[in-house]
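K.L.:
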Amino acid sequence: MNGSAYASLLELTSGLVLVCAVVTMWRRSLPAVVKALSLQGVALGAAALILGVHQHDVVLIAVACLVLAAKGLLIPTLLGRIVAGDPSSREATPVVNVPASLVISAALTFLAYGAAEPVVRLIPTTAGRLVPLGFATLLIGFFSMVVRRKAVSQIVGLLLVDNGIALVAFLATAGVPLLIELGASLDVLLAVGVLRVLASRIGSKFGAFDLDQLRELHD
Amino acid sequence: MSNLSLVIAATAGSVAVIAGAALPRRTRVWAVVLSTWASCAAALTGSLIVLHTGRPMVLSSSQILPLTGVHMVLDPLGAVFVVITAVVAIASTLYWIGYAGHGLSTRTAAASLPLFILSMLLLPAAGSVATFLVLWELMAVTSLILVLGDQHERAETRSAGQWYAVMTHVGAAAILLALVLLSAHSGGQTFAAIRVHAHHLSPALRNTAFLLAVIGFGSKAGAVPFHVWLPKAHPEAPSPVSALLSGAMVNLGIYGIVLVGDRLLGGGPVWWWLVVMALGIASALFGALHAATSTDLKRLLAYSTADNMGLVLIGLGASGMFAATGHRTTATVAMVAALLLVVNHAAFKGSLFLSAGSVQVATGVRDLDQLGGLMTRMPITGAIFLVGALSIAALPPLNGFVSEWLLFQSLLHGLPTSSTAVAIAVPLGVAALALTGGLTLAAFVKATGVGFLGRPRSPEATAAHEVPRTMQIGTGLLAVACVALGVAPFIVLPALGRASQIAIPGTSASVLRGSKYLHVAGLQGVLAPALLAASLVLAAVVVVAVRRLVHRRSMLTPSLRRAEPWGSGRELQTARMQYTATSFAEPLQRVFDDVVHPDRDVDVDHVVESRYYFERISVRTSIGDIIENKLYRPAIRAVRWWGRQARHLQNGSVHRYLAYGFVALVLVLVVIT
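Quick mapping for you: the protein sequence lines, in order, are chains A and B.
Take the first sequence: its position 218, counted from the start at 1, is 218 in the working numbering, and no numbers get skipped.
When you read off a place in the second sequence, starting at 1, and then add 219, the result is the number in the working numbering.
1) What runs of the alpha helix (DSSP H), each 4 residues or longer, lie entirely inside the stretch 814-884 of chain B?
2) Less than 6 angstroms between C-beta atoms, sequence neighbours within five positions excluded: which residues of the same chain meet that for B:Val236?
3) State buried or exposed for B:His371, treating a residue as buried only when at least 16 other CB atoms are found within 10 Å of its CB.
4) Looking at the secondary structure, which residues open and close the alpha helix (DSSP H) in which B:Ser347 lies?
5) Just mark A:Asp219 as buried or exposed, buried being the case when its beta carbon has 16 or more other beta carbons within 10 Å.
6) Could you confirm whether any beta carbon from chain B is found closer than 8 angstroms to the beta carbon of A:Leu37?
7) Closer than 8 angstroms by beta-carbon distance: list the chain B residues that pair up with A:Ala32, in chain order.
8) Report the rounded CA-to-CA distance for B:Gly499 versus B:Ala565, giving the unit in angstroms.
9) At the 8 angstroms Cβ level, is A:Met25 part of the contact set with chain B, yes or no?
10) Hey, quick one: how far does the alpha helix (DSSP H) through A:Ser4 stretch, first residue to last?
11) For A:Ser4, is the classification buried or exposed, using 16 other Cβ atoms within 10 angstroms of its Cβ as the cut-off for buried?
12) Which chain A residues are close to B:Leu884, counting only those with a beta carbon under 8 angstroms from its beta carbon?
13) Taking the alpha-carbon of B:Arg596 as reference, which of B:Gly607, B:Val360, B:Ile723, B:His684 has the nearest alpha-carbon?
14) Just tell me which of B:Gln408, B:Leu341, B:Thr512, B:Gly435 has its CA closest to the CA of B:Gln808.
15) Per DSSP, what kind of secondary structure is B:Val711 in: helix, strand or coil?
16) 8 angstroms is my cut-off, CB to CB: does B:Ala878 come that close to chain A?
17) Mind listing, in chain order, the continuous alpha helix (DSSP H) runs of no fewer than 4 residues lying wholly within the stretch 678-707 of chain B?
18) Taking 8 angstroms as the CB-CB limit, is B:His874 close to chain A?
19) So what's B:Met597 in DSSP terms, helix, strand or just coil?
20) Could you check whether the Cβ of B:Leu888 sits closer than 8 angstroms to any Cβ belonging to chain A?
21) For chain B, is any of its Cβ atoms less than 8 angstroms away from the one on A:Leu122?
22) Could you check how far apart the C-beta atoms of B:Ala542 and B:Ile723 are, in whole angstroms? I think they sit under 8 angstroms.
23) I'd like to know whether the C-beta atoms of A:Ile155 and A:Leu108 end up nearer to each other than 8 angstroms.
24) Can you grab the Cα-Cα spacing for the pair B:Ala452 / B:Ser311, in whole Å?
25) Is the CB of A:Ala115 under 8 angstroms away from at least one CB in chain B?
26) Find out if the Cβ-Cβ distance for the pair A:Leu30, A:Ser89 is shorter than 8 angstroms.
27) Mind pulling the chain A residues with CB within less than 8 angstroms of B:Thr892?
28) Assuming B:Thr582 contacts B:Leu590 (C-beta within less than 8 angstroms), just tell me the rounded distance between them.
29) Would DSSP call B:Thr409 helix, strand or coil?
30) Roughly how many angstroms lie between the CA atoms of B:Tyr314 and B:Arg425, to the nearest whole one?
31) Determine the chain B residues that contact A:Val98 at a beta-carbon separation under 7 angstroms, and present them in chain order.
32) Helix, strand or coil: which one does DSSP assign to B:Ala446?
33) What residue range is occupied by the uninterrupted alpha helix (DSSP H) comprising B:Val433?
34) Going by DSSP in three states, A:Ser89 sits in which element: helix, strand or coil?
35) Straight-line CA distance for B:Trp355 to A:Ala62?
The structure is reproduced here in structure tokens:
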């Protein structure tokens, strides 16, 4: 793979990660959001794959395959099942409306570029240049956890945060040790499993997946 | 050889803790008592050897406490406090055998009691900051468990426990800061290292450390205004524990002030000791006044503890001031007087708290207004209480008189000094001492007269009966000590002299000479306690004999009409016609109205037909602690308000909580960008 093809492929996949994050903010329909998340997982895996191929790193390629399987396939399938079980699978009234969310997402992307500047200066490669995309994904994920009401949306927000961290890790360190990536993936998988059970319980107990209705549980 | 005694004391104490925690109820109490006695006996032996030879006992081990190790140095000063603790502990555990049937026999209590005693036995032997703090904390925690005792469901006990927990930990924090400050700037955490470097420390650091130590140890000793826990915790604690708290634990606050002020920092400027003396005067007056107006027997005793510790602080302050102005002999006399007061206070307050406990066991009440007539129903407990009351009121020939005499001597004869501050402070101290003496006398006339004489005021008091023998002996042991120390103070004075020499070096140990007459070096006063006692006994015998004689003659005259005393010649008297504790204290309460601030509540029920006739009037007076109400309550309210404001942050919304994190993250990022 020559240098310019590598650079544009990496830019494409990493950019796709951020675009998917923005799409989750834009769409209200939960199946669409889960689809965007699935696409983000694939893009993340692809970015890792491209990095692995470029650096001739077999371990990184293995990690990339793992990410593709877990974040592109397994987790979205699990989420898809929760969404299928919820009759009103729309984020009807987010705390902040969609246009405002998109504007804030743009602002967060600017902030991510600003905050990541020292990191970019440290890594003078193509990959290093793309680190702010991971930061932006992380911030948007966190933001979506704050403003979305549905339990599934919260899980999606958490996964966005995780994907953002994973992207930064791939780009900045040229590969995380396999063991750590395995551990992190397993963690996220477990968290999603637990949240899935919790969400279905909340659904059967309260007849809704709205977290706002849980306010009375405090104290 | 003598080092071994500390090891034996620690081992036997640990055995007692395990026995208390593991053994079944039937054998538990005896096993704990016997092994605690072994522990006390070992510590007592070691301390007596140290006091006799004057050579400190050193023990060091790097195995026990990780990182710092344990350093024990028992010098004569510490040994005095070990002896006091051991004697009070032996008496109160003996008392506990009989008391255990009425409470304090759970596993937790039976394991905490010996641990509390052990920590107090070892604390004066601590030779390094880490050892001292560990033992101090152990003492604080075990005493808190014991204060809660097995009454912890009662709201009053829980509130007392809470106050005690907060005050003792604020104090411990101050002590921790003081000692850590000193050890950090001395390049070593042993007391010996601190002592060597203390003179090279900056004055600001020395002042800070001393003031922190006064706050920390002062709160343990019950000095006003850090005393608020004392009148709550001492009455609510089970009585053997009250005796240990008041007879042994508060003393360690005094030990701490001597340790940091005299021993570690080697004395200081005059104003340090002016502060100590001011605290002492405040505590003495405030404590005595509240003791005189309290109607709860144990609360009265607790306030009187604050009062006595105040007197000890006056002595310490005077001693420090004399030493700072170069009058080292007078300083030593004042120090001996203060230490003697500590010894005597342990004896009489221990026996008073234990007899108050006996009264509580026999009647179930502590309120003096419901007691009365106990002298005939509980003659032995009554006699012991009387001895304690006479001692604390400083009447000869009992021990309180000797220490008060010595304190007066050292203050009065210390007057001609060069410093103006001392010349003003000392007469104030003398005045406080005199007023306190009067108030204490009133308080204990009230306690004895209302509680033990007259007629019973309630069915509980009528049904009172004498307590088990072990409780009588335990209480009596300390009463005997009161008499012995009053008649022959010479048995402890050489030891106290040696201890004072440790605190104020450079003077001879024998500032007090004589075996029949008590001569004070540099002063003119002379006291012959034994002769005084003998002449008093003789006078009493003469009075009784004359009375008998007159009585017999009057029996011979036929026209005699018999009436009850104080009955205005009437035959019929009821218990409600007697003086109550409240009415006895009423004049005093009136005089000190601004300080005491009583809450009066008068309920009048009118007869239905006329507003001019009353059916029933009930008057209730309650006396709060003005320092608690004006100083602590507002502070607590402020903290509560702050806490309530903080509650608005938490409204149960998951989104709100997430938003806190998100906003914080974004802010941090904006700041670093």
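Note that CB positions come from ideal geometry on N, CA and C, so glycine has one too.
P.N.:
Result, derived from the coordinates:
1) If we require 4 residues or more, the alpha helix (DSSP H) runs fully inside the stretch 814-884 of chain B come out as 852-866.
2) The answer, listed in chain order, is Ala330, Pro333, Leu334.
3) Counting C-beta atoms within 10 angstroms of its own C-beta, B:His371 has fewer than 16 neighbours from the protein chains shown and is therefore classed as exposed.
4) Secondary structure note for B:Ser347: it is in no alpha helix (DSSP H), with a DSSP letter that is neither H nor E.
5) With a pLDDT of 44 at A:Asp219, under the threshold of 50, the modelled position of that residue is not reliable, and the figure given next carries that caveat. Under this definition A:Asp219 is an exposed residue.
6) Not a single CB atom of chain B sits nearer than 8 angstroms to the CB of A:Leu37.
7) Chain order gives no chain B residues near A:Ala32, where near means a beta carbon separation below 8 angstroms; the closest approach is about 22 angstroms.
8) When only Cα atoms are considered, B:Gly499 and B:Ala565 end up about 18 angstroms apart.
9) False, the Cβ-Cβ gap to chain B never drops below 8 angstroms.
10) Under the DSSP assignment, A:Ser4 falls in the alpha helix (DSSP H) whose first and last residues are 3-26.
11) Classification of A:Ser4: exposed, given that the 10 Å Cβ count is below 16.
12) By Cβ distance, chain A contributes Leu139, Phe142.
13) Nearest option by C-alpha distance: B:His684.
14) Across the set B:Gln408, B:Leu341, B:Thr512, B:Gly435, the C-alpha of B:Thr512 shows the shortest separation from the C-alpha of B:Gln808.
15) Three-state result, B:Val711: coil.
16) Yes, B:Ala878 counts as interfacial toward chain A.
17) If only complete runs of 4 or more residues are kept, the stretch 678-707 of chain B shows the alpha helix (DSSP H) at 678-681, 688-706, in order along the chain.
18) Contacts with chain A at 8 angstroms (Cβ-Cβ) include B:His874.
19) In the structure shown, B:Met597 falls within a coil segment according to DSSP collapsed to helix, strand and coil.
20) Chain A contact via Cβ: present.
21) Judged by the 8 angstroms Cβ criterion, A:Leu122 is not in contact with chain B.
22) Between B:Ala542 and B:Ile723 the beta-carbon gap is near 5 angstroms, inside 8 angstroms, which marks them as a contact.
23) No.
24) Using only the alpha carbons, I get a separation of about 17 angstroms.
25) Yes, because at least one Cβ of chain B sits closer than 8 angstroms to the Cβ of A:Ala115.
26) Going by C-beta atoms, A:Leu30 is nearer than 8 angstroms to A:Ser89.
27) What B:Thr892 touches in chain A: Leu111, Gly114, Ala115, Glu117.
28) Sure, about 7 angstroms apart at Cβ, within 8 angstroms.
29) DSSP places B:Thr409 in strand when its eight states are reduced to three.
30) Near 44 angstroms, if we compare the C-alpha coordinates of B:Arg425 and B:Tyr314.
31) Taking a Cβ-Cβ cut-off of 7 angstroms, A:Val98 has no neighbours in chain B, whose nearest Cβ is about 16 angstroms from it.
32) A quick correction: the sequence has His, not Ala, at residue 446 of chain B. In the displayed model, B:His446 falls within coil according to three-state DSSP, outside both helix and strand.
33) Looking at the DSSP string, the run of the alpha helix (DSSP H) that includes B:Val433 is 422-440.
34) Reduced to three states, the DSSP call for A:Ser89 is coil.
35) In this model, B:Trp355 and A:Ala62 are separated by some 60 angstroms (Cα to Cα).
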